[in-house]
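Novice: The structure is given below, and queries will be raised subsequently.
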Amino acid sequence: MTPRESAPFPTDDAAPSRAAHAAPDRSTLDRGTPEDPLDLLCVGVGPFGLGLACLADPLTDVRAAFLDAADGFDWHPGLLFEDATLQVPFLADLVTMADPTSRFSFLQWLKETGQLYPFYVRESFYPLRRDYNAYCRWAAERVRGVHWGHRVVGVTRPAGEGPWCVEVDAHGERHVWWARHLVVGTGTVAQLPAQLSEVSGATVHAGEYLTRREDLVSREHVSVVGSGQSAAEVFLDLVTAPDGPAVDWITRSPRFYPMEYSKLSLELTSPDYLDHFRSLPEAERDRLNASQPQLHRGISDDTVDAIHEALYVRRGDAHAAPVRLVAATELTGAWHEAGRTVLQWRHTENHRVRETVTDAVVAATGYRPAALDWLEPVREQLTLDSAGRLSPERHHRASADGTVHVLNHGEHTHALTAPDLGMGALRNAHVLAHVTGRTPYATEAHTTFQSFGMIPQAASVPRVDPSQWHDGAVSLRAQGRSFSLRPVDVDADLPLLHAWLSAPRAHAWELVGASPEDVAREYRRMAEAPGEDAWLVSENGEPLALLETYDPARSPLAAVWPVRDGDAGLHLFVAPSTRPVPGTTRAVMAASLRFLFADPAVRRVLVEPDVRNEKIRAINRWAGFREVGECRLPGKTACVSVVDRADPAPWKDGEDDAAPERRSVPSSPGDDVRNSPAPGGPRPAAADSRERRPAPHSPGVGSHGAEDAPAPSGPRPPAATARDGSAPSPQERTAPSTATTRLAAGHGSTEVTR
Numbered sequence: 001m002t003p004r005e006s007a008p009f010p011t012d013d014a015a016p017s018r019a020a021h022a023a024p025d026r027s028t029l030d031r032g033t034p035e036d037p038l039d040l041l042c043v044g045v046g047p048f049g050l051g052l053a054c055l056a057d058p059l060t061d062v063r064a065a066f067l068d069a070a071d072g073f074d075w076h077p078g079l080l081f082e083d084a085t086l087q088v089p090f091l092a093d094l095v096t097m098a099d100p101t102s103r104f105s106f107l108q109w110l111k112e113t114g115q116l117y118p119f120y121v122r123e124s125f126y127p128l129r130r131d132y133n134a135y136c137r138w139a140a141e142r143v144r145g146v147h148w149g150h151r152v153v154g155v156t157r158p159a160g161e162g163p164w165c166v167e168v169d170a171h172g173e174r175h176v177w178w179a180r181h182l183v184v185g186t187g188t189v190a191q192l193p194a195q196l197s198e199v200s201g202a203t204v205h206a207g208e209y210l211t212r213r214e215d216l217v218s219r220e221h222v223s224v225v226g227s228g229q230s231a232a233e234v235f236l237d238l239v240t241a242p243d244g245p246a247v248d249w250i251t252r253s254p255r256f257y258p259m260e261y262s263k264l265s266l267e268l269t270s271p272d273y274l275d276h277f278r279s280l281p282e283a284e285r286d287r288l289n290a291s292q293p294q295l296h297r298g299i300s301d302d303t304v305d306a307i308h309e310a311l312y313v314r315r316g317d318a319h320a321a322p323v324r325l326v327a328a329t330e331l332t333g334a335w336h337e338a339g340r341t342v343l344q345w346r347h348t349e350n351h352r353v354r355e356t357v358t359d360a361v362v363a364a365t366g367y368r369p370a371a372l373d374w375l376e377p378v379r380e381q382l383t384l385d386s387a388g389r390l391s392p393e394r395h396h397r398a399s400a401d402g403t404v405h406v407l408n409h410g411e412h413t414h415a416l417t418a419p420d421l422g423m424g425a426l427r428n429a430h431v432l433a434h435v436t437g438r439t440p441y442a443t444e445a446h447t448t449f450q451s452f453g454m455i456p457q458a459a460s461v462p463r464v465d466p467s468q469w470h471d472g473a474v475s476l477r478a479q480g481r482s483f484s485l486r487p488v489d490v491d492a493d494l495p496l497l498h499a500w501l502s503a504p505r506a507h508a509w510e511l512v513g514a515s516p517e518d519v520a521r522e523y524r525r526m527a528e529a530p531g532e533d534a535w536l537v538s539e540n541g542e543p544l545a546l547l548e549t550y551d552p553a554r555s556p557l558a559a560v561w562p563v564r565d566g567d568a569g570l571h572l573f574v575a576p577s578t579r580p581v582p583g584t585t586r587a588v589m590a591a592s593l594r595f596l597f598a599d600p601a602v603r604r605v606l607v608e609p610d611v612r613n614e615k616i617r618a619i620n621r622w623a624g625f626r627e628v629g630e631c632r633l634p635g636k637t638a639c640v641s642v643v644d645r646a647d648p649a650p651w652k653d654g655e656d657d658a659a660p661e662r663r664s665v666p667s668s669p670g671d672d673v674r675n676s677p678a679p680g681g682p683r684p685a686a687a688d689s690r691e692r693r694p695a696p697h698s699p700g701v702g703s704h705g706a707e708d709a710p711a712p713s714g715p716r717p718p719a720a721t722a723r724d725g726s727a728p729s730p731q732e733r734t735a736p737s738t739a740t741t742r743l744a745a746g747h748g749s750t751e752v753t754r
């Protein structure tokens, strides 16, 4: 059985020669043009690329093509042992985790091939590996836009922007393809130790074992090098073969480790762990990956048991060929001698040196990412890390403009989620969301029972009782005025959000000059992020402010300030108006605090403006915030301010007749708990404190207010620039946004509490 993270792709442009099941080319040969490019071009059709094709297939607004140098799909033919199973459930097929109703699901394949009832009676979640391969070939024959025998030789972008120009060798003919989005779907290639370079003729990679099995079992002696699942399967097959060879199984690993397969360990293949992993420095991510091999490169318990049983039975056979298992021993050299192969070893603990003689070597030494030479012409347009590796961001984009997507090559940036088959459909759903500008497949952001990298709040705040909503909004009064708050609907509210946040006066939101697509992408990201929510504040039916609530325990503030249970944070943007009403900013701030404190679980509300921003600090003090200390956040020194539920404050004036009235919000397709509050309530969004200075010639706090316009406050780590216009640190620029933090105020000149 292969490791849980899935064995590497068999469809690699660098190594197309392998037995393959040829599939008909059902594409339309639509290669796009510079003026009318394809929406998506994927290079490499392994399980991840094929899954993307299957999810794109029903999307009529997506023109897509999928190219692979191989003649057809064939997944690890050299390791398709008769009884070998996947180490992920059948739900980790090409599509189910994104679209359980897809016609390309594993269950649909079982039904069409008459195997559904036998699989049901079998009562196992884990398909045979050969069945998974047959299922993928079945899907590859039916999905639109897959082109076999197409080897990508180069990519350019003639204008430095716009569509990608992809040069392809198709059965000896050169063609050019054009696409708006380029997807890197190539996988990995076999990795052989340099020490075996002198004996390559006697060496077989484990991935080709079954294609060479007949020859190997006839040898007098075979050496298996490696310690993972593939090595274990090859060793088991050799020692159980009738009249098989003598076998040495030797590994550099300190032990023959089993795979860690407990339920809590499996939660490391989750969006939750991914967010934590991405928050770490590059060096720490590399260290973590190297320190956890048993999580995805160990041996299954069933295989370990089968090996021990085979050796136990074999011990009583005096005529059986010798078998040796040795760990903590590394290969240091190899050469041919007298028609055989000599291997030299060194024990890693006692440093003793030993030589053995063998007839063949099976190298179960893993795989490495395939070379991406075809991307070299556009290297400067890609996002790379300090080691020159592709460095995709949280949602798998690896170019500044977000048009290059990576389906593999990402273990250093996405940990165990990168090669895990079960995460492939989720990743592909994100890719298609970026390509289409909508959400064709809902995605999950929080899937685990445990937390990573922080102690979470005891209860998610604020929680909204759906029975207390009316017509999709919360109605409340503050400072003698009536307001309504409803969750932001990205599609319906996009023109308004774009007009507000792309203007220079809203630079604290880091979206100045952004396209509508950029704004939509940001608020869809918030909709998926645990601990962030956006609300539109209206008065008499007129939208006048944007409120973002957040969980401080999930924000950058938690790294430098002791957040408590019951803390909630806010960002407030009061938009300009042609009919200014004095005191609007204070009234909206009071309404926002009433909204947060309506949840009994909220004990304190936090903001963190820049210490230099005296104007917003004055408004915060008016609202009852106490300045409790300073801390360093990206781009500023923040003045942490809190208001406690028990504190006397102006926002409480008229509290008895101004309690918010909350009633249920009808859910629409594609909404999640952030857009359609459900029992348990929306997650708190993030509060930031980056300073925003008033726009030139702005009339004070805004057209609605009599105060001077305060600058924004609040930290928002993933930004390209700080909210006060200063450049963020490199760490800020590359840090994942688990909870953006902002703070702004104003209405007219635009007050910002980010």
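Numbering (full-length UniProt numbering), first residue to last: 1 to 754.
Glycine included, every Cβ here is placed at the ideal spot set by N, Cα and C.
Fair warning: this is a prediction, and the values are worked out from it, not measured in the lab.
(1) Give the range of the beta strand (DSSP E) segment to which glutamate 355 is assigned.
(2) Determine whether the beta carbon atoms of alanine 591 and leucine 544 lie at a separation below 8 angstroms.
(3) Expressed to the nearest angstrom, what Euclidean distance is found between the alpha-carbon atoms of aspartate 68 and alanine 310?
(4) Tell me which residues share the same chain as glycine 437 and place their Cβ nearer than 6 angstroms to its Cβ, disregarding the 5 neighbours each side in the sequence.
(5) For leucine 80, which residues from the same chain have a beta carbon less than 7 angstroms from its beta carbon, with the 5 sequence-adjacent residues on both sides left out?
(6) In chain order, what residues of the same chain lie with their CB nearer than 6 angstroms to the CB of serine 270, ignoring the 5 residues before and after it?
(7) According to DSSP, is histidine 498 helix, strand or coil?
(8) Could you tell me how far apart the beta carbons of glycine 333 and glutamine 191 are, in whole angstroms, since I believe they sit closer than 8 angstroms?
(9) Give the range of the beta strand (DSSP E) segment to which lysine 636 is assigned.
(10) Would the beta-carbon of serine 502 fall within 8 angstroms of that of alanine 514?
(11) Who does tyrosine 367 pair with in a DSSP beta bridge?
(12) Taking C-alpha atoms, which residue in Ser262, Ser386, Leu295, Ala246 lies nearest to alanine 283?
(13) Within this structure, are the beta carbons of glycine 32 and alanine 179 separated by less than 8 angstroms?
(14) Let me know the secondary structure DSSP gives tryptophan 561 once reduced to three states.
(15) Let me know if proline 369 comes out buried or exposed under the rule of 16 or more other beta-carbons within 10 Å of its beta-carbon.
(16) Does DSSP put threonine 203 in a helix, a strand or coil?
(17) Going by beta-carbon coordinates alone, are leucine 382 and tryptophan 177 separated by less than 8 angstroms?
(18) Name, in chain order, the residues that DSSP records as bridge partners for glutamine 344.
(19) Report yes if the C-beta distance between valine 431 and histidine 412 is below 8 angstroms; otherwise report no.
(20) Hey, how far is the Cα of leucine 633 from the Cα of serine 555?
(21) Could you give the residue range of the beta strand (DSSP E) that holds residue 757?
(22) To which residues of the same chain is serine 484 closer than 6 angstroms at the C-beta, ignoring the five residues directly before and after it?
(23) Buried or exposed: which applies to histidine 319, given that a residue is buried once 16 or more other Cβ atoms fall within 10 Å of its Cβ?
(24) Within 10 angstroms of its Cβ, does valine 239 collect 16 or more other Cβ (buried), or is it exposed?
(25) Considering just the uninterrupted stretch of the beta strand (DSSP E) at tryptophan 148, what are its terminal residues?
(26) Could you compute how far the alpha carbon of proline 127 sits from the alpha carbon of leucine 236?
(27) Could you tell me whether the Cβ atoms of leucine 40 and alanine 64 are closer together than 8 angstroms?
(28) Excluding sequence positions up to five away, which residues of its chain have a Cβ less than 6 angstroms from the Cβ of alanine 400?
(29) Measure the CB-CB distance between threonine 439 and alanine 445 and report whether it falls below 8 angstroms.
(30) DSSP three-state call for phenylalanine 66: helix, strand or coil?
(31) Whose CA, out of Glu532, Gly635, Ala587, Val435, lies closest to the CA of threonine 60?
(32) What residues are listed by DSSP as bridge partners for tryptophan 374?
(33) Can you tell me which of the three DSSP states alanine 170 falls into?
(34) Run through the DSSP bridge pairs and tell me what histidine 571 is partnered with.
(35) So, using beta-carbon positions, are glycine 149 and alanine 425 closer together than 8 angstroms?
(36) Three-state secondary structure (DSSP) at leucine 511?
Specialist: Quick answer:
(1) 353 to 358
(2) no
(3) 41 angstroms
(4) Glu517
(5) Arg129, Arg130, Asn133, Leu210
(6) Thr447, Thr448
(7) helix
(8) With 8 angstroms as the limit, glycine 333 and glutamine 191 do not qualify as a contact, their Cβ atoms being about 18 angstroms apart.
(9) 636 to 644
(10) yes
(11) Ala190
(12) Ser386
(13) yes
(14) coil
(15) buried
(16) strand
(17) no
(18) Gly333, Glu355
(19) no
(20) 11 angstroms
(21) The requested residue 757 is not part of the displayed model; the chain covers only 1 to 754.
(22) Ala473, Ser475, Ser538
(23) exposed
(24) buried
(25) 146 to 148
(26) 20 angstroms
(27) yes
(28) none
(29) no
(30) strand
(31) Val435
(32) The partner list for tryptophan 374 (beta bridge, DSSP) is empty, contrary to what the question assumes.
(33) strand
(34) Glu548
(35) no
(36) coil
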